[in-house]
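Comments concern the structure below.
Residue numbers (my numbering): 12 to 622.
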């Protein structure tokens, strides 16, 4: 029998990275009997992706249904969704929160309120969710719960005395948290006899069952055998299997009612027919669509191309499946010249890009080449180039898309970035950000030892190694979070890399004029080490338009044409050398240079390491 709605609670756990979300989620599973207690050597239940275990982070949101007997004697159904903490996966957090009525906001008892704590809190606030603060890791020697309560009141405007002290590792405060979920988070709304509306908040592909949809039923009910319609794709299916996640899929239930979270399968084979955020309704009693998820616009782009044994069609199938499971991942086919046919892919940030690439390689056994990451630029075209005489604006994601017939100006994306740093390291952080064209906006103190710095910076300066450099200058105590602010005009130039006077599109890049010579010189030096010698001298150049800003040369392979000349007149040797020189000159005029794929890979890797 389904639980009455007043005995259902849907909630998420949100926090800054490494504040103990996944550990707390597992303690809640243990306390409610959803999993047996485990020793420290066993693997996590919710973070079950290899990458999650290796990196110690949550990448995908996970849903699980718990049964909890409260002190009032009633048994409650608690639907928990564990969420990621890194800024690049904030889209996963947003999707999870839209399937909930409340959340646990976990804060580290020693580190306090951090960048993603504030960002995730604001996401929950925007959705009008009930927020239960939890101060985790109170068993640490460095724990300062009283100071953290003050930070919660000052930074988040929440009542600090309502924060629950806990230690997920030691199992302290778990019962109090479960009780608070029941008492402080409201039950779901939505009539069970109303027309059915269910929100798809995630999807995975199974080779045997087709696409499995994770849903939250907002109104009405769904049963096995029901004919359903997806409003966006306007396709109809019959539910083959339906159930809850405990945390494994349990399909022994008859159906799902309004307020419940679970999964359905309906023999859906086509990846293009499912969109996360779509609404499911019954075909016999259609209902209007629910507000879906705001589409996230990719901030970082790179090209992915097959290499080695991998074929183009294998890569296409893999990116299709990944885009089903990760709705913030975007891709379009493109041709990369020497790299062949591949895909232009969009990501929310550098970690997101790295994780997606590793998931493609591991889950689909692919071998790929990844081009250097870029951001989206806006090009203001000159008025005289437009038929109506009005200036026009276009967006580009690769240097090759820049108009060859000229443009008025280039605009780059900028972000407002918040740094949470120890007060003693403010000077080092300010120097780091100023060197990367950061514009100071605000400085706020959080107590006496920590400070929040707000800057406006070009996204291109943020996406490479800013986070690593921040950790370095703050001895690991600094954190950061950023949100897109808009576009601003900057002195940007396109740098072409020429190999034997032929431009190499895959290596061209856009950067600020002051950085162009340094970056161009680094690439041509790297190319000189990677391209094998030819029978003629090969020139490697970095150029802005027609002006060369850096040059390296690969000397020619030379046969020893004078080896058979023993003694005698030196003029014979000179004649042979002059003849060789003329031949080399002719070769240089008609010769072609093939840049091997290994050279592309090495140069792109070295560029990423030195940005």
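By construction, the Cβ of each residue, glycine as well, lies at the ideal position given by its N, Cα and C atoms.
From a predicted model like this one, the values you see are computed outputs, not experimental measurements.
Residue burial classification, residue 35 (beta-carbon count within 10 angstroms, cutoff 16): Stepping through the chain shown from its first residue, residue 35 is reached at position 24. Result: buried.
Top-ranked residue by Cα proximity to residue 288, from 107, 514, 470: The residue labelled residue 288 in the question sits at position 277 within the chain shown. Closest by alpha carbon: 107.
Sequence-distant residues of its chain with Cβ nearer than 6 Å to residue 507 (five each side left out): Residue numbering aside, residue 507 sits at position 496 when the chain shown is read from its first letter. Counting only Cβ-Cβ distances below 6 Å, and skipping sequence neighbours, we find 514, 519, 554.
Length of the line joining the Cα atoms of residue 75 and residue 176: Sequence index remark: in the chain shown, residue 75 carries index 64 (1-based). Sequence index remark: in the chain shown, residue 176 carries index 165 (1-based). One C-alpha to the other measures close to 24 Å.
Contact between the stretch 228-237 and the stretch 209-217 (3+ Cβ pairs under 8 Å): Flag = yes, the stretch 228-237 and the stretch 209-217 touch.
Per-residue DSSP class, three states only, for residue 354: Along the chain shown, read from residue 1 onward, the residue named residue 354 stands at position 343. Note: residue 354 maps to strand in three-state DSSP.
Touching by the beta-carbon criterion (3+ pairs, under 8 Å), the stretch 308-325 and the stretch 269-283: no
Touching by the beta-carbon criterion (3+ pairs, under 8 Å), the stretch 27-34 and the stretch 111-129: yes
Residue nearest to residue 422 in terms of C-alpha spacing, selected from 501, 113, 434: Here residue 422 refers to the residue found at position 411 when the chain shown is read from its first residue. Looking from the CA of residue 422, the closest CA among 501, 113, 434 belongs to 501.
Residue span of the beta strand (DSSP E) that contains residue 10, given as start and end: Because the chain here runs from 12 to 622, residue 10 falls outside it and cannot be looked at.
Residues that residue 558 bridges to, as DSSP identifies them: Locating residue 558 in the chain shown gives position 547, counting from the first residue. DSSP, once it has assigned bridges, lists 555 as partnering residue 558.
Alpha carbon of residue 427 to alpha carbon of residue 389, nearest angstrom: What you label residue 427 is simply residue 416 of the chain shown in a count that begins at 1. What you label residue 389 is simply residue 378 of the chain shown in a count that begins at 1. Straight across, the Cα-Cα distance linking residue 427 with residue 389 is about 18 Å.
Neighbour-count burial assignment, residue 537, 16 or more Cβ in a 10 Å radius: As a first step, residue 537 is located in the chain shown; it is residue number 526 there, counting from the start. Buried is the call here.
Residue 479 in three-state terms, based on DSSP: On the chain shown, residue 479 is found 468 positions in, with the first residue counted as 1. Looking at residue 479 - three-state DSSP - the assignment turns out to be helix.
At least 3 beta-carbon pairs within less than 8 Å: the stretch 376-390 vs the stretch 401-415: Flag = yes, the stretch 376-390 and the stretch 401-415 touch.
Test item: CB-CB of residue 163 and residue 242 under 9 Å: Residue mapping note: residue 163 aligns to position 152 of the chain shown, counting from 1. Residue mapping note: residue 242 aligns to position 231 of the chain shown, counting from 1. Not in contact: residue 163 and residue 242 (Cβ atoms no closer than 9 Å).
First through last residue of the beta strand (DSSP E) which encompasses residue 185: As a first step, residue 185 must be located in the chain shown, where it is residue number 174. According to the DSSP assignment, residue 185 belongs to no beta strand (DSSP E) but to the alpha helix (DSSP H) extending over 185-195.
Environment of residue 382 [buried if 16+ CB atoms lie within 10 Å]: Position 371 of the chain shown, counted from the first residue, corresponds to residue 382. Answer is buried; the Cβ neighbour count reaches 16.
Nonlocal neighbours in the same chain, by C-beta distance under 6 Å from residue 167, ignoring five residues either side: Stepping through the chain shown from its first residue, residue 167 is reached at position 156. So the list reads 132, once near-sequence residues are dropped.
Buried or exposed (CB count within 10 angstroms, at least 16 for buried), residue 510: Here residue 510 corresponds to residue number 499 of the chain shown, with the count starting at 1. Flag for residue 510 reads buried.
Residue 438 to residue 449 span [Cα, whole Å]: Taking the first residue of the chain shown as 1, we reach residue 438 at position 427. Taking the first residue of the chain shown as 1, we reach residue 449 at position 438. Those two C-alpha atoms are separated by around 14 Å.
Residue 485 - containing beta strand (DSSP E), residue span: The residue labelled residue 485 in the question sits at position 474 within the chain shown. No beta strand (DSSP E) holds residue 485; DSSP gives it neither H nor E.
Residue of 354, 141, 456 minimising C-alpha distance to residue 173: Working through the chain shown from its first residue, we reach residue 173 at position 162. In terms of Cα proximity to residue 173, the closest of 354, 141, 456 is 141.
Proximity winner among 91, 365, 351, 318, relative to residue 340 (alpha-carbon distances): Residue 340 sits at position 329 when you count from the first residue of the chain shown. Ranking the options by Cα distance to residue 340, first place goes to 365.
Beta-carbon separation (whole angstroms), residue 43 vs residue 78, contact threshold 8 Å: For the purposes of this step, residue 43 is taken as residue 32 along the chain shown, with counting starting at 1. For the purposes of this step, residue 78 is taken as residue 67 along the chain shown, with counting starting at 1. Rounded, the Cβ-Cβ distance is 6 Å, consistent with contact.
Rounded separation between residue 199 and residue 269 - CA only: Along the chain shown, one-based indexing puts residue 199 at 188. Along the chain shown, one-based indexing puts residue 269 at 258. Taking the straight line joining both Cα atoms gives about 8 Å.
Beta-carbon gap between residue 474 and residue 360 smaller than 9 Å: If you number the chain shown from 1, residue 474 lands on position 463. If you number the chain shown from 1, residue 360 lands on position 349. In this structure, residue 474 sits near residue 360, with a CB-CB distance shorter than 9 Å.
Contact under 9 Å by Cβ, residue 494 with residue 130: Along the chain shown, read from residue 1 onward, the residue named residue 494 stands at position 483. Along the chain shown, read from residue 1 onward, the residue named residue 130 stands at position 119. It is a contact, given that the beta carbons lie within the stated cut-off.
DSSP three-state assignment for residue 543, whether helix, strand or coil: The count along the chain shown starts at 1 and reaches residue 543 at position 532. Of the three classes helix, strand and coil, the one that applies to residue 543 here is coil, per DSSP.
C-alpha gap between residue 246 and residue 334, whole angstroms: Locating residue 246 in the chain shown gives position 235, counting from the first residue. Locating residue 334 in the chain shown gives position 323, counting from the first residue. Distance between the alpha carbons of residue 246 and residue 334 is about 19 Å.
Counted within 10 angstroms of its Cβ, other Cβ atoms place residue 469 as buried (16 or more) or exposed: Against the chain shown, residue 469 aligns to sequence position 458. Buried: at least 16 other Cβ atoms inside 10 Å.
Nearest to residue 203 (by Cα), restricted to the options 229, 219, 19: By one-based count along the chain shown, residue 203 stands at place 192. With distances taken between CA atoms, residue 203 lies nearest to 229 out of 229, 219, 19.
Selected residue, minimal CA-CA separation from residue 312, among 539, 367, 460: Translated into the one-based positions of the chain shown, residue 312 becomes position 301. Considering only alpha carbons, the answer is 367.
Same chain only: Cβ atoms within 6 Å of residue 217, ignoring 5 sequence neighbours per side: Indexing the chain shown from 1 puts residue 217 at position 206. Same-chain partners within the cutoff: 223.
Selection from 195, 151, 118 that minimises the alpha carbon distance to residue 17: The residue labelled residue 17 in the question sits at position 6 within the chain shown. Of the listed residues, the one whose Cα sits closest to residue 17 is 195.
Rounded distance between the beta-carbons of residue 436 and residue 485, thought under 8 Å: Along the chain shown, read from residue 1 onward, the residue named residue 485 stands at position 474. Along the chain shown, read from residue 1 onward, the residue named residue 436 stands at position 425. Right, their Cβ atoms sit about 5 Å apart.
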